[in-house]
Amino acid sequence: MKFVLASKNPHKITELQAILGDLGVEVVLESDVGVDLEVEETGETFEENAALKATAVMKASGLPAIADDSGLCVDALGGAPGVYSARYGGEGLDDVDRYELVLSGLRGQLDRRAKFVSAICCAFPSGDVLTARGECPGSIAYAPQGENGFGYDPVFFVPELRKTYAQMTAEEKNQVSHRGKALAKFKAELEGYLNGTHQ
Ligand code: IMP
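Here this note's numbering is used: position 108 in the sequence shown is 896, and no number is missing along the way.
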């Protein structure tokens, strides 16, 4: 079965194809099926935004579509940046500016608890929908550490490995990350669905 990934990011498709390949599914990018949509992420939850993107691309392509939405939630900031992670602080900021904003929001704050969340949604033309959520608990470091990754990686510390995301190898990050967990759950859901055992 062919699936469209509701994304313009070719890295995401390589990752998804590697994980879902042994289910006998083929994943293509929206551009491969002539779809070019800018879906507004107006949802209040990661699940809502993933569903908005997946449904829009499913309708435009006529094929089952997969989308994900993710972000960082900091307890002492009331769950911010949350669904606004990509645009926290407004236009014109880069990744460093955005994590510096998180650090300055926590200056003097001892409660550093945070989590990364990823929601994956698959919308089928039949109207069926699969959703999977992965979370990685952690805390916001006092200063950036590590060179790997992107986004908020240098300031997100994971106690399980005693490293920030940016200090992990890609393999280490996949094992503990919100995205790795959501993808593993999604794979199990999809496998159940394709075998007709989905509840
Ligand atoms: P998206 O939903 O995958 O586009 O991610 C939204 C935003 O959340 C990104 O622009 C990043 O700022 C942040 N983000 C999501 N996942 C990660 C991660 O693994 N590390 C660092 N930042 C992330």
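Heads up, the beta-carbon is just placed ideally off N, CA and C, and yes, glycines get one too.
Cβ neighbours of residue i in the same chain (closer than 7 Å, five flanking residues each side left out)
i: G859; result: F834, P869, G870, V871, S873 and V905
i: V964; result: C924, V946, E948 and L949
i: V821; result: V792, S849 and L851
i: N837; result: E829, G831, D857 and V871
i: E960; result: L949
i: A902; result: L860, C861, V862, D863, G926, S927, I928 and F944
i: Y981; result: L918
Bridge-paired residues (DSSP) for residue i
i: D856; result: I908
i: E923; result: V905
i: I928; result: F944
i: F938; result: F938 pairs with nothing; no bridge assigned.
i: K796; result: K796 is not bridged to any residue.
i: V821; result: DSSP, once it has assigned bridges, lists no residue as partnering V821.
i: L918; result: C910
i: E814; result: K790
Where residue i falls, given that 16 or more other Cβ within 10 Å makes a residue buried
i: H799; result: exposed
i: M789; result: exposed
i: Q955; result: buried
i: V884; result: exposed
i: K951; result: buried
i: D916; result: exposed
i: G926; result: buried
i: R886; result: buried
i: F938; result: exposed
i: Y940; result: buried
i: L808; result: buried
i: A907; result: buried
i: A855; result: buried
i: E879; result: exposed
i: A976; result: exposed
i: S914; result: exposed
i: G922; result: buried
i: K796; result: exposed
i: L811; result: exposed
i: E818; result: buried
Sequence-distant residues of the same chain with beta carbon closer than 8 Å to residue i, five excluded per side
i: L894; result: V862, A864, L865, R900 and I928
i: V823; result: V792, V845, A848 and S849
i: L804; result: L793, V815, I854 and L971
Contacting residues, own chain, Cβ-Cβ under 6 Å from residue i (five flanking each side not counted)
i: G934; result: P942, T952, A954 and Q955
i: L971; result: I807
i: R875; result: none
Original post:
What residues sit near ligand 1, counting only those whose C-beta is closer than 5 Å to one of its heavy atoms, in chain order?
Top reply: Listed along the chain, these residues meet the criterion: D857, S858, G859, S873, A874, G939, Y940 and D941.
Original post:
Along the chain, which unbroken stretches of the alpha helix (DSSP H) at least 4 residues long are found entirely within the segment 952–986?
Top reply: Qualifying alpha helix (DSSP H) stretches, in chain order: 958–964 and 966–982.
Subject >> Ranges of the alpha helix (DSSP H) found wholly within the segment 824–890, counting only runs of at least 4 >> reply: Runs of the alpha helix (DSSP H) inside the segment 824–890: 834–849.
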